[in-house]
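A short write-up of the structure that comes next.
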Amino acid sequence: MPSAEFDDATELVETYDFLLKFIIIGEAGTGKSCLLHHFTQNTFKQRSQHTIGVEFSSRTVKLGEKKIKLQLWDTAGQERFRSVTRSYYRGAAGALLVYDISSRDSFANLARWLADARALASPHLVAVLVGNKSDREDDREVEWDEASRWAAENGVHFLEVSSLTGENVEAPFLLAARSILLAIESGQLDPEKAGSGVSYGDRALRRVNSNSRLSFGSLSAPTRRANTSNRLGTLGGCGC
Ligand SMILES: Nc1nc2c(ncn2[C@@H]2O[C@H](COP(=O)(O)OP(=O)(O)OP(=O)(O)O)[C@@H](O)[C@H]2O)c(=O)[nH]1
Ligand SMILES: [Mg+2]
6 MPSAEFDDAT ELVETYDFLL KFIIIGEAGT GKSCLLHHFT QNTFKQRSQH
56 TIGVEFSSRT VKLGEKKIKL QLWDTAGQER FRSVTRSYYR GAAGALLVYD
106 ISSRDSFANL ARWLADARAL ASPHLVAVLV GNKSDREDDR EVEWDEASRW
156 AAENGVHFLE VSSLTGENVE APFLLAARSI LLAIESGQLD PEKAGSGVSY
206 GDRALRRVNS NSRLSFGSLS APTRRANTSN RLGTLGGCGC
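Residue numbers (the working numbering): 6 to 245.
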């Protein structure tokens with residue numbers, strides 16, 4: 006059974022095949038911070054306050070044989086922070102465009118959010134439209150069909166999630182990561198190009214990790230987030 010020290014050591018030698026930069030954007034109050042919190046901490050964020058500027062977090066996931074580190078930038082939706090937050094869009098490989106299914110207003114400006122992201126992020130930006138608060142079905146103001154149509158017309162993926170219940174919260178991140186990996190594999194996206202939003206992982210560290218694996222034999226044991234991948238069957242077997 007791994008000790009706490011052992012887990013810490015695992016963190017120190019953490020390595021990955023690719024590092025992807027993601028931005029989380031959309032109107033204030035749509036639940037961006039709660040979505041990210043649930044994805045990284047596996048719990049609902051109680052008493053979430055408006056984000057001031059930008060907050061950073063990360064999580065490493067496994068897609069097939071590939072270990073992907075997601076560098077996640079949670080941006081403030083409030084207008085007064087717009088110039089600050091836009092400066093973090095540069096070179097993002099993925100964007101989660103979040104609206105609240107119980108707020109038509111939060112859906113109204115999506116075109117502008119997407120246009121900004123496409124103008125400033127990676128030319129190969131993969132965007133996912135995320136309808137959050139799917140638990141609020143009784144207060145729904147934006148129908149699934151309408152959002153799905155908008156997504157298709159604008160060339161983005163689409164999912165509904167609930168950051169409160171945890172329903173589907175991993176799916177948008179994994180969907181975006183998987184699309185980016187496919188673009189790399191097909192040669193459409195070159196991680197070595199500046200501004201691609203993708204970097205290769207550190208191979209030297211990877212060697213250290215595999216030595217540790219030989220010594221201790223359980224570095225690949227499921228982490229505390231292992232049980233959160235229950236909904237990932239549809240996304241091609243994430244072992245995160
Ligand atoms: N019912 C329900 N409430 C949610 C959900 N996600 C977030 N909320 C609530 O929505 C409010 C706003 O959540 P935040 O995550 O802070 O919103 P945000 O998009 O980060 O807002 P800014 O940082 O101002 O851009 C909070 O009161 C949350 O408790 C959800 O899935 N369901
Ligand atoms: Mg926030």
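Heads up, the beta-carbon is just placed ideally off N, CA and C, and yes, glycines get one too.
Note that the coordinates shown come from a computational prediction; the quantities given were computed from them, not determined experimentally.
Cβ-heavy atom distance between residue i and ligand 2 below 7 Å?
| i | result |
| --- | --- |
| residue 37 | yes |
| residue 81 | yes |
Examine ligand 1 and report whether any of its heavy atoms sits within less than 7 Å of the Cβ of residue i.
| i | result |
| --- | --- |
| residue 56 | yes |
| residue 136 | no |
| residue 92 | no |
| residue 167 | yes |
| residue 141 | yes |
| residue 176 | no |
| residue 33 | yes |
| residue 108 | no |
| residue 204 | no |
| residue 127 | no |
What's the gap between the Cα of residue i and the Cα of residue j?
| i | j | result |
| --- | --- | --- |
| residue 85 | residue 114 | 16 Å |
| residue 162 | residue 207 | 30 Å |
| residue 205 | residue 22 | 6 Å |
| residue 136 | residue 152 | 8 Å |
| residue 200 | residue 149 | 33 Å |
| residue 87 | residue 20 | 33 Å |
| residue 164 | residue 119 | 16 Å |
| residue 174 | residue 97 | 20 Å |
| residue 38 | residue 126 | 20 Å |
| residue 60 | residue 93 | 10 Å |
| residue 63 | residue 154 | 31 Å |
| residue 36 | residue 171 | 12 Å |
| residue 33 | residue 197 | 34 Å |
Measure how close the beta-carbons of residue i and residue j come, nearest whole angstrom, since I'm counting them as under 8 Å.
| i | j | result |
| --- | --- | --- |
| residue 169 | residue 49 | 5 Å |
| residue 58 | residue 89 | 5 Å |
contact_flag[the stretch 143–150, the stretch 96–113] where n(CB pairs < 8 Å) is 3 or more: yes
Stretch-stretch touch, CB-based, cutoff 8 Å, three pairs: the stretch 120–137 with the stretch 171–182: Touching, yes.
Segments assigned beta strand (DSSP E), at least 3 residues, entirely inside the stretch 78–130: 99–105
Three-pair Cβ contact test at 8 Å for the stretch 23–37 versus the stretch 69–80: yes
Length-filtered (4 minimum) alpha helix (DSSP H) runs lying within the stretch 156–192: Runs of alpha helix (DSSP H) with 4 or more residues, each lying fully within the stretch 156–192, are found at 176–190, listed in chain order.
Entirely enclosed beta strand (DSSP E) segments - the stretch 13–68, minimum 3 residues: 23–30 and 59–68
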